[in-house]
Each structure stands twice: as structure tokens, then as C-alpha cells.
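Engineer: My questions all concern the structure below.
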Amino acid sequence: MTAKIIDGKLIAAKVRQEVKDKIAELLASKGVRPGLAAVLVGDNPASHTYVKMKRKACAEVGIESFGFDLPQDASQSQVESLVQELNARPDIHGILVQLPLPAHLDEEKVLAAVGLNKDVDGFHPLNAGRLAQKGREPDFVPATPAGVIRLLEETGVQFSGANAVVLGRSNIVGMPVAMLLVRNDCTVTICH
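Set out below in C-alpha cells:
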């Protein structure tokens, strides 16, 4: 097999334009502008950078971005209450909880509080479980793993019957990539 260089910037620009066009169509046909809420707890510099990048990406394609920052010492009930409030807001169509959360918070409970139909990261236990099961569709698939599959699709790679190796088994990237490859009929080996 010959190595192939993937032009990720070119593909990303194509995807951004597709999203921008879909949002413009949604706004024109239904008067709806998608809204994304980013919940950031604490002062992790990397998390602040990621949220800033996500907000910039939203602005580029026409998504209304809402930022909700809580202090490092926010309680479990404060975080879950905020998530429940966001679930109820009709102007917010997606919620992402920026990880990692401070150590004193129960990440599983916070992620489970996000409504299935607003879980844009695909981290809710039911969305993650549906991703792993044949014949079941999650409401959302995690963005980075979906992006990996899109990059591969753009190269014209033949998934069915291919042997694929995934480096890492994180809940954020590795495992969802492996599940998406299995859904595309690959034989997957996970190395960690």
C-alpha cells in the first residue's frame, strides 16, 4: 500500500462551506439559526483555548455560540442545574461540556444530564452505547471521530474488509473511531 498525503485544510474548508450552506438554508426556510452552548468549568488553559476555537468556528459558519463559564469550585448541582437549564432553552440546539472537568465533579453524571438530542459531543452514555451497537443510531457522533472518517472517505478509501489500527482507546477519540470503523465493516485492532 502506498502512503497518501491527506490535505486536511482543503477538506476542512469544504466541510465548513457545506455546514455554512446548510445553516443558510435552515435560516431561509425555517427561520432557525442553530445555537450551541459551551459549558466550561474551571481554569484549564487548554480547555479555554478549545472553547475559543469552537466559538470561532461557530461564528464562521453562522451558528449562534453561547458561552457558560463556571468557577473551578462549582458544585455538582450547579453544573447539572446549568445543563438542565440549557436543555430547556429552545434557542440552544446543542450543548457541549468541555472536558476535562475539575476532579471533584462526577463527569459521568454531568454528561448524562445533557439531553440526548442536544449532546453534540456524543458523550451521553446512551449515544455512546448506540454508537457501539449494530442497527442503533446515536443522535450525535463525536466530532473528531466523525472528522477522521470524513477524511478517510475523502481519499476514496475502501472500508469494507479493510484492517484498521486505532492508536488509543479514549472515550473522546479512540473508541468512537474504532466503533465508526466497525460500522463501516472494517476489522479493527485497538492499540494502547
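For what it's worth, my numbering labels the leading residue of the sequence shown as 332, then goes sequentially. All residues carry an ideal CB built from backbone N, CA and C; glycine is no exception. Here the structure is a predicted model, which is why all the values come from computation and not from measurement.
#1: Where do the N-terminal and C-terminal ends of the alpha helix (DSSP H) with Glu416 fall, by residue?
#2: Could you tell me which residues DSSP pairs with Leu427 in its beta bridges?
#3: So, using beta-carbon positions, are Ala369 and Leu427 closer together than 8 Å?
#4: Short of 6 Å in beta carbon distance, which residues of its chain neighbour Thr475, apart from the five on each side in sequence? Order them along the chain.
#5: If I follow the unbroken alpha helix (DSSP H) through Thr475, where does it start and stop?
#6: Would you kindly report the start and end of the unbroken alpha helix (DSSP H) that includes Asp352?
#7: Looking at the secondary structure, which residues open and close the beta strand (DSSP E) in which Ser396 lies?
#8: Using the Cβ count rule (16 or more neighbours within 10 Å means buried), how would you classify Ile423?
#9: May I ask you to report which of helix, strand or coil DSSP gives Leu436?
#10: Leu447 lies in the alpha helix (DSSP H); which residues open and close that run?
#11: Are His379 and Leu371 touching if we call contact CB-CB under 8 Å?
#12: Taking only three categories from DSSP, how would you classify Asn458?
#13: Buried or exposed: where does Arg347 fall if 16 or more other Cβ atoms within 10 Å of its Cβ makes it buried?
#14: Between Val410 and Val441, what straight-line distance do the alpha-carbon atoms span, to the nearest angstrom?
#15: Between which two residues does the beta strand (DSSP E) carrying Cys522 extend?
#16: DSSP puts Asn494 in a beta bridge; with which residues?
#17: Quick check on the DSSP output: the alpha helix (DSSP H) that includes Pro376 runs from which residue to which?
#18: Should Gln403 go down as buried or exposed, given a rule of 16 or more other Cβ atoms within 10 Å for buried?
#19: Counting only the same chain and skipping the five closest in sequence on each side, list residues whose C-beta sits under 6 Å from that of Arg500.
Structural biologist: If we stick to the structure as given:
#1: To locate residue 416, count along the sequence shown from 1; it is residue 85. Glu416 -> alpha helix (DSSP H) spans 407 to 419.
#2: To locate residue 427, count along the sequence shown from 1; it is residue 96. Its beta-bridge partners are Ala369.
#3: Locating residue 369 in the sequence shown gives position 38, counting from the first residue. Locating residue 427 in the sequence shown gives position 96, counting from the first residue. A distance below 8 Å separates the beta carbons of Ala369 and Leu427.
#4: Position 144 of the sequence shown, counted from the first residue, corresponds to residue 475. Counting only Cβ-Cβ distances below 6 Å, and skipping sequence neighbours, we find Val504.
#5: Along the sequence shown, one-based indexing puts residue 475 at 144. 474 to 485 is the span of the alpha helix (DSSP H), which, as asked, contains Thr475.
#6: Here the question's residue 352 lines up with position 21 in the sequence shown. Taken as a continuous stretch (DSSP letters only), the alpha helix (DSSP H) holding Asp352 covers 339 to 361.
#7: If you number the sequence shown from 1, residue 396 lands on position 65. Where Ser396 is concerned, the enclosing beta strand (DSSP E) stretches over 395 to 401.
#8: For the purposes of this step, residue 423 is identified with residue 92 of the sequence shown, where counting begins at 1. Per the 10 Å Cβ criterion, buried.
#9: The residue labelled residue 436 in the question sits at position 105 within the sequence shown. Of the three classes helix, strand and coil, the one that applies to Leu436 here is coil, per DSSP.
#10: One-based indexing of the sequence shown puts residue 447 at position 116. Segment: none, Leu447 is in no alpha helix (DSSP H) and carries neither H nor E.
#11: Here residue 379 refers to the residue found at position 48 of the sequence shown. Here residue 371 refers to the residue found at position 40 of the sequence shown. A contact, by the Cβ cut-off of 8 Å.
#12: In the sequence shown, the residue the question calls residue 458 occupies position 127. Helix at Asn458.
#13: Position 16 of the sequence shown, counted from the start, is the residue given in the question as residue 347. Exposed.
#14: In the sequence shown, counting from the first residue as 1, residue 410 sits at position 79. In the sequence shown, counting from the first residue as 1, residue 441 sits at position 110. The straight-line gap from Cα to Cα measures roughly 7 Å.
#15: Position 191 of the sequence shown, counting from 1, holds the residue named residue 522. Taken as a continuous stretch (DSSP letters only), the beta strand (DSSP E) holding Cys522 covers 518 to 522.
#16: What you label residue 494 is simply residue 163 of the sequence shown in a count that begins at 1. Bridge partners of Asn494: Thr518.
#17: Here residue 376 is taken as the residue at index 45 of the sequence shown, counted from 1. First-last of the alpha helix (DSSP H) with Pro376: 376 to 392.
#18: In the sequence shown, the residue the question calls residue 403 occupies position 72. So Gln403 ends up on the exposed side.
#19: Numbered from 1 along the sequence shown, position 169 holds the residue referred to as residue 500. So the qualifying residues of the chain are Met506, Ile521, His523.
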